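Student:
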Amino acid sequence: METPDLVMPVHPGTGLTAVYVSPRTGRAFWPIKGGSEDAGDAGESAGDGDADASTDAGAEAEAAGSAADSAKGDAKPTPKDVTKSSAGKDEDPAATIARLEKELKGARGEAAKERVSAKEAAATEARAAMVQELGKALGLIKDEKAPPPDPAKLMAEIERAQAAHRDTAVELAVYKGAAAHGADPDALTDSRAFLNTLAKLDPAADGFTKAVGKAIEQAVKDNPKLSAAGQAPARASGEFSGGTGDEPPSGTRSIDDIRAERRKRRAG
């Protein structure tokens, strides 16, 4: 198969025909006036070769520079470099080991101090919590989480306590003063009418005991059944139903004994 002849381009200014066209770059080389055709061809060929070589060398240099930059960016410091940067100069391996051991010992000491401090803080917190719980249990420390007391409930409790205290004081005064007026204290405390006469008396007043005595005396006059003699049959019946008859007189009995006897008699 025949290869077609290449048609060389013609220079538009000089009218000269190119002596060579680079197949790689497409560059045309023109003959030099006054020189031989062979010399021109050789010169143009040499120039083309130099240009190609220069282009190739430039590309290789650029690639080599990029590779060097990449290798420089990815390079990791060696232990020797680290030693130089940390110590400022080359350090002997033995000195490096000694320095690292010293740093490790210092780090362990700091960790031990932190552990001791943490244990002391936990113990202090536990003691404080225990003191708080004991104080709340003993009523010495108020519970901040406890709801505030209801004023109405507090007032009702105070009134109940005052009423119970007054009833006890009145009952005790009746039992102490009944014997002096020949009255039966149990009958008096069982009588609603008699207790109503004492409703306005104040146990804290100076003349309270004397006022109770007058009320007992008047109650016996108005109702002889409230006297000790008037209640004798009832007491005999109680003794027959299980009483021992050895109870001490009312003047020597305590208020708790009297109340117990009343409850027993009412139950029977």
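For the sequence shown, the residue numbers in UniProt numbering are 1 to 268.
Think of the CB as a built atom: it goes at the ideal place given N, C-alpha and C, for glycine as much as any other residue.
As the structure is a computational prediction, the values presented were derived from the model and not from experiment.
#1: Of all the alpha helix (DSSP H) runs that stay within the bounds of the region 164 to 226, which reach a length of 4 or more residues?
#2: Alpha carbons only, please: which of 157, 185, 124 is nearest the one belonging to residue 269?
#3: If I measure Cβ to Cβ from residue 212 and keep anything under 8 angstroms in the same chain, skipping five residues before and after, which residues do I get?
#4: Can you tell me whether residue 151 is buried or exposed, with buried defined as 16 or more other CB within 10 angstroms of its CB?
#5: Would you mind reading off the limits of the alpha helix (DSSP H) that contains residue 97?
#6: For residue 142, which residues of its own chain have a beta-carbon under 8 angstroms away from its beta-carbon, when the five flanking residues on both sides are left out?
#7: From residue 260 to residue 187, what distance separates their C-alpha atoms?
#8: In whole angstroms, what separates the C-alpha of residue 94 from that of residue 114?
#9: If you run the structure through DSSP and keep just helix, strand and coil, what is residue 152?
#10: Roughly how many angstroms separate the alpha carbons of residue 227 and residue 163, rounded to a whole number?
#11: Please go through the same chain and pick out, in chain order, the residues whose beta-carbon is closer than 6 angstroms to the beta-carbon of residue 8, but skip the five residues on each side of it.
#12: Would you tell me roughly how many angstroms separate the C-alpha atoms of residue 28 and residue 13, rounded to the nearest one?
#13: State yes or no: is the C-beta of residue 141 nearer than 7 angstroms to some heavy atom of the ligand GDP?
#14: Rounding to the nearest angstrom, what Cα-Cα distance links residue 195 and residue 167 in this structure?
#15: What separation, rounded to the nearest whole angstrom, lies between the Cα atoms of residue 223 and residue 183?
#16: Round the Cβ separation of residue 269 and residue 181 to the nearest angstrom and send it over; I've been treating them as touching at under 8 angstroms.
#17: Alpha carbon to alpha carbon, how far is residue 117 from residue 133? Give it in angstroms, no decimals.
#18: Here's the rule: buried if 16 or more other CB atoms are within 10 angstroms of the residue's CB, otherwise exposed. What is residue 129?
#19: Give the straight-line distance between the Cα atoms of residue 193 and residue 214, rounded to the nearest whole angstrom.
#20: Strictly under 8 angstroms for the Cβ-Cβ distance: is residue 174 near chain C by that measure?
#21: For residue 217, collect the residues of the same chain with a Cβ closer than 7 angstroms to its Cβ; drop the 5 residues on either side in sequence, then sort them by chain order.
Tutor: In terms of the structure at hand:
#1: As far as the region 164 to 226 is concerned, its whole alpha helix (DSSP H) runs of at least 4 residues are 185 to 190, 192 to 197, 208 to 222.
#2: The structure shown does not extend to residue 269, since the chain is modelled only from 1 to 268, so the question has no answer here.
#3: Counting only residues of its own chain and dropping the five nearest sequence neighbours on each side, residue 212 has a CB closer than 8 angstroms to the CB of 170, 173, 174, 177, 198, 201.
#4: Counting Cβ neighbours within 10 Å, residue 151 comes out exposed, since fewer than 16 surround it.
#5: Segment 93 to 137, the alpha helix (DSSP H) holding residue 97.
#6: The beta carbon of residue 142 sits closer than 8 angstroms to the beta carbons of 136 from its chain, once the five residues preceding and following it are set aside; these are given in chain order.
#7: In this structure, the straight-line span from the alpha carbon of residue 260 to that of residue 187 is close to 15 angstroms.
#8: Going by the C-alpha atoms only, they are around 30 angstroms apart.
#9: The answer is helix: DSSP assigns residue 152 an H, G or I state.
#10: Put simply, the backbone Cα of residue 227 is about 27 angstroms away from that of residue 163.
#11: Excluding sequence neighbours, residue 8 sits near 17, 18.
#12: When rounded, the distance between both Cα atoms is 14 angstroms.
#13: You won't find the ligand GDP in this model; it holds no ligand whatsoever.
#14: Each residue's CA atom was taken as its position, placing residue 195 and residue 167 some 10 angstroms apart.
#15: So the two alpha carbons sit approximately 10 angstroms from each other.
#16: With the chain covering only 1 through 268, there is no way to say anything about residue 269.
#17: Straight-line measurement puts the Cα of residue 117 at about 24 angstroms from the Cα of residue 133.
#18: Residue 129 counts as exposed, since fewer than 16 other beta carbons sit within 10 angstroms of its beta carbon.
#19: Roughly 15 angstroms between the two C-alpha positions.
#20: Absent from the structure is chain C; it holds one protein chain and no more.
#21: Taken in chain order, the residues that qualify are 181.
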